[in-house]
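Visitor: Chains as they are written, first to last, in the working numbering: chain F, 1 to 337; chain G, 1001 to 1480.
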Amino acid sequence: MENLEHFLTQVWFVILALFLFLYVMLDGFDLGVGILSLTSSDEERRSILMTSLGNVWDANETWLVLMGGALFGAFPLAYGTILNALYIPIFGMIFGLIFRAVAFEFREHSTNKVFWNLAFGVGSFTAALFQGFALGSVLEGIAVDEAGHFVGSIWDWLDWRSLLVALTLIQGYVLIGSTYLILKTDGELQNTHYRTAKLAAITTLIGAVLITIVTPVVYENARAKLFHQPEVYIFALIPALGIVLVGLLLRSLNRKAEVTPLIWTILLFLLTFVGLGLVVFPYIIPPDITIYQAAAAPSALVFMIIFIGFLIPIMLFYNIYNYIVFRGKVSGVHYTE
Amino acid sequence: MAIWADTVALSRMQFALTAIFHMLWPVLTTGMAIYLVVVEGLWLRTKNPDYYRHARFWSKLYVLNFGIGVASGLPMEFQFGTNWAPFSEAVGDFFGSILGFEGAMAFMLEAGFLGIMLFGWGRVHPVIHYFSTIMVAFGANLSTFWILVANSWLQTPAGGELVNGKFIVDDYFQAILNPFMFISVSHMFFATLETSLFVIGGISAWYILNHRHPEFFARSLKIAVAVAIAVTPLQIYIGHLSAEQVAHYQPTKLAAMEAKWETSPAGQPADWSLVALPNNKLERNDWEISIPNGLGYILEFKKNLSEPVLGLKEWQPDDRPEMVGLVYYSFRIMSGIGFFLAGLMGVSVIQWLRGKFAPEAIAHQKWLLRTWLLAAPLGYIAVESGWIVRCVGRQPWVVYGQIRTAEGVSNLPASEVLTSLLVFAAVYTTLFICALFFGSRIIRQGPNLELPVPGIENQPAVETEPAKFIPDQRPIEAQQ
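1) What does DSSP give as the partner residue(s) for residue 1397/G in the beta ladder?
2) Are the beta-carbon atoms belonging to residue 1112/G and residue 319/F less than 8 Å from one another?
3) Along the beta strand (DSSP E) that carries residue 1274/G, what are the first and last residues, could you check?
4) For residue 1252/G and residue 1395/G, I'd like the C-alpha separation in whole angstroms.
5) Which residues in the same chain have their Cβ closer than 6 Å to the Cβ of residue 1178/G, if we skip the five residues on either side of it in sequence?
6) Helix, strand or coil for residue 1446/G? Go by DSSP, reduced to three states.
7) Relative to chain F, which residues along the region 1095-1112 of chain G have a C-beta separation below 9 Å, given in chain order?
8) At which residues does the beta strand (DSSP E) containing residue 154/F begin and terminate?
9) DSSP on residue 1016/G, reduced to helix/strand/coil?
10) Identify whether residue 338/F lies in helix, strand or coil by the three-state DSSP scheme.
11) Restricting to Cα atoms, I'd like to know which of 28/F, 226/F, 34/F and 241/F is closest to residue 104/F.
12) So that I know if they touch, is there some Cβ in chain G lying closer than 8 Å to that of residue 245/F?
13) Determine whether the beta carbon atoms of residue 1053/G and residue 1448/G lie at a separation below 8 Å.
14) Have a look at residue 116/F and residue 107/F and give me their C-alpha separation to the nearest angstrom.
15) Among 132/F, 322/F, 239/F and 114/F, whose alpha-carbon lies nearest the alpha-carbon of residue 28/F?
16) Run through DSSP, which three-state label would residue 1415/G get?
17) Look at the Cβ atom of residue 1110/G, then the Cβ atom of residue 1073/G, and state whether they are nearer than 8 Å.
18) Does the beta carbon of residue 20/F sit closer than 8 Å to a beta carbon anywhere in chain G?
19) Give every residue of the same chain whose Cβ lies closer than 8 Å to the Cβ of residue 1366/G, excluding the five residues on either side of it in the sequence, and list them in chain order.
20) If distances are taken between C-alpha atoms only, which option among 82/F, 123/F and 48/F comes closest to residue 95/F?
21) Any residues in the region 1158-1180 of chain G with a beta carbon nearer than 8 Å to a beta carbon of chain F? Which ones, in chain order?
22) Which first and last residues belong to the beta strand (DSSP E) in which residue 1167/G is found?
23) Any contact of the region 1221-1238 of chain G with the region 1344-1351 of chain G, i.e. 3+ C-beta pairs under 8 Å?
24) Would you mind stating whether residue 30/F and residue 55/F have Cβ atoms separated by less than 8 Å?
25) Apart from the five residues on each side of it in sequence, which residues of its chain come closer than 7 Å, Cβ to Cβ, to residue 1296/G?
26) Who are the near neighbours of residue 1266/G in its chain, counting only those whose CB is closer than 7 Å to its CB and skipping five residues on each side?
27) So, does the region 1307-1323 of chain G touch the region 1240-1257 of chain G, judging by three or more C-beta pairs under 8 Å?
28) On the three-pair Cβ rule with 8 Å, is the region 1039-1048 of chain G touching the region 1127-1134 of chain G?
29) Of all the CB atoms in chain G, is at least one closer than 8 Å to the CB of residue 261/F?
30) Pull up the DSSP beta-bridge partners for residue 1124/G, would you.
31) If I measure Cβ to Cβ from residue 166/F and keep anything under 7 Å in the same chain, skipping five residues before and after, which residues do I get?
32) For the alpha helix (DSSP H) holding residue 118/F, just list the boundary residues, first then last.
33) Say whether chain F places a C-beta atom closer than 8 Å to the C-beta of residue 1446/G.
34) Buried or exposed, going by whether 16 or more other CB atoms sit within 10 Å of the CB of residue 68/F?
35) Anything in chain F within Cβ reach of residue 1481/G, meaning under 8 Å, just list it in chain order.
36) Let me know if residue 390/F comes out buried or exposed under the rule of 16 or more other beta-carbons within 10 Å of its beta-carbon.
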């Protein structure tokens, strides 16, 4: 019985990781395009950028909603404690996402587009920034008592290490957004994003290298885990593979490939994600509360698997179908009429 | 304690504000999605291009509302964790699972097919497009289902018990099928449909009054009236069933809805209060007009009560809702609107039967059209009032009879909650004004009656290039 409970909890950890990864990848390019829109030189280009997201942005954002609901159901303690601790970053992210979401509609109908352009770009930037702070402070650890309740201060999430994670995440989003735009645009606009992709690849790499160095130096828990035999070989392999992937990415950008830059970027995201997952596991509120302590009752986990588990392939299927229907380049023409 | 230093009060206000604002958008999109299924179905059946253009026109308002609904839905979900962490921990096993189902089953379906519904005209086969529209409507209504399951369970928790401050569920199906569930889901389903019908009808009436495409908008008005024939009386009936359930399961809420301080014993008649000024301190109504013997007729359709109706004084002040006046008047506003809309439907049907809805006569029905225009926002007011009755009326409990609202709140500095509350108020006010502005702009522009109607084989609405297309080297302006 003990084993089954452990197994169920691990299954939910993996499902949540999947939802989070899909969110970071899909809304990642979405937010990245939003941040890039701040650098667009004219309305025509901004229109193309926003049109490239028109049919997918809400489906992409839904993975966040799904992640929130599933975390609430499967790990209620983690849901309460983490969100309680991250009060300011969570609402910062939400306000960013609100402005960005309404900008899609309001800009379309507005005659003075400047405000909504800013709402879209700054909203995307704000959302990405606070997501980075949230990620950074969860990796750093959250102060809790024995029962797992938050006991820290409301500004715990803000320090130079979480800022480093936040800046790197923004770069990562810009990278995946650029490679998405390479796929979806052509001509001058595409050339611009070959350049932004190259720049973002380098800045992301710098950020990732710094985080990789800082983590074992600053955190004792992580150090013990990272240098433990035989896992040390896996942890050494991840940055090595990462550098290979960045190399492949830069090569495909230099060759002006259209599809492969996005693929290499997605693999980079996946690799980073697996790395972070291995550092965190089995904790869900690092450094004290494990997934087993924070999990809902086994009956709840089973109940949720029955209702959500079988839907995962179906959700993936119709989301992919959506991308297939709207494949191809975006032109300046608006989708609506 | 001053309210700006009281975390519980501030968190409650923030939740109330978020919920009241969020509700405005899905209440329209959920009902309108069904309307879009109906008009697109009519188009596929009759091939009449007017129905196609109706589908295109109303979906513009649909997507405006949907966008704001998504944006304001995020804080709803995340607030349970940020502001109500102990509550989340206590009920996460069930309540959290249900929110997860809403995301996976309902919202994902709606968001996933919305792109095809809005932009897929001419990209996919009409049958697949119609399927997408149906999935959007199905997803939206499935959201209503799961959200109302979750809320009903808070009102009538079932399927388990509270052990050491954590609700352990041993029968999930019993918890889903909790006593309030079925009627609450139905009441909300008809509420969204009714609100949408009167918004669509009201906007159609505005066009006819202004002599803009009267024939075109007579169609949408007639659809609204035809569906309202079934919806408005049913909603009143379901509302009555709902009140009976409240009387049975949540006597404190019923007492607040009726501003009833003293108990009326069984076997005797009791008065029904029509207008009153409840006074919480003195535990009585300062002033009141009541209908003699009315309560028995309202609750049980007979003069004498067969069961006692308890007054608020039966409970300690700590165990009953504080805002009696708010609950009392919200209830009266909601039911008043319900009867008014049913009456408007009745009059409209009579006029239709008298031939007054014919294209040459409809524009002369000025008073009727103006009443429809006036009725357009009433559904929203009724829905919001209903939710105030439902959620303010169950106080001081967050899980009725089990967990107090004050026990569920996160340990946060009041200043922090006050700041987020003020930001929400500012953001929502801005969004509300913008939505009214852009919504009225869409309405003033009106439908595009020249819109080409897609056939089975048609040109893509958006220019696409094959993947091997050689990039155009001209400047971007020249490429258009």
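Note that the Cβ used here is the ideal one computed from N, Cα and C, for glycine as well.
Guide: In short:
1) 1404/G
2) yes
3) 1272-1279
4) 9 Å
5) 1152, 1153, 1156 and 1158
6) coil
7) Going along the region 1095-1112 of chain G in chain order, one finds 1095, 1096, 1097, 1098, 1099, 1100, 1101, 1102, 1103, 1104, 1105, 1107, 1108, 1109, 1110, 1111 and 1112 with a Cβ nearer than 9 Å to chain F.
8) Boundaries for residue 154/F: no beta strand (DSSP E) harbours it, and the DSSP string shows neither H nor E there.
9) helix
10) The structure shown does not extend to residue 338/F, since chain F is modelled only from 1 through 337, so no value can be given for it.
11) 34/F
12) no
13) yes
14) 5 Å
15) Considering only 132/F, 322/F, 239/F and 114/F, the residue with the shortest C-alpha distance to residue 28/F is 132/F.
16) Three-state DSSP puts residue 1415/G in a helix.
17) no
18) no
19) 1209
20) 123/F
21) Listed in sequence order: 1168, 1169, 1170 and 1172.
22) 1166-1169
23) Using a C-beta cut-off of 8 Å, the region 1221-1238 of chain G makes contact with the region 1344-1351 of chain G, since at least three inter-stretch Cβ pairs fall below that distance.
24) Their beta carbons are not under 8 Å apart, which means residue 30/F does not touch residue 55/F by this criterion.
25) Cβ neighbours of residue 1296/G beyond the five flanking positions: 1269, 1270, 1302, 1303, 1304 and 1305.
26) Setting aside the 5 residues that flank it on each side, residue 1266/G is surrounded in the same chain by 1305, 1306, 1307 and 1308, each with a C-beta closer than 7 Å to its C-beta; the list follows chain order.
27) yes
28) yes
29) no
30) 1121/G
31) 129, 132, 133 and 136
32) 114-140
33) no
34) buried
35) There is simply no residue 1481/G to check, as chain G begins at 1001 and stops at 1480 in what is shown.
36) Within the shown structure, residues of chain F are numbered from 1 to 337, placing residue 390/F beyond reach of any answer.
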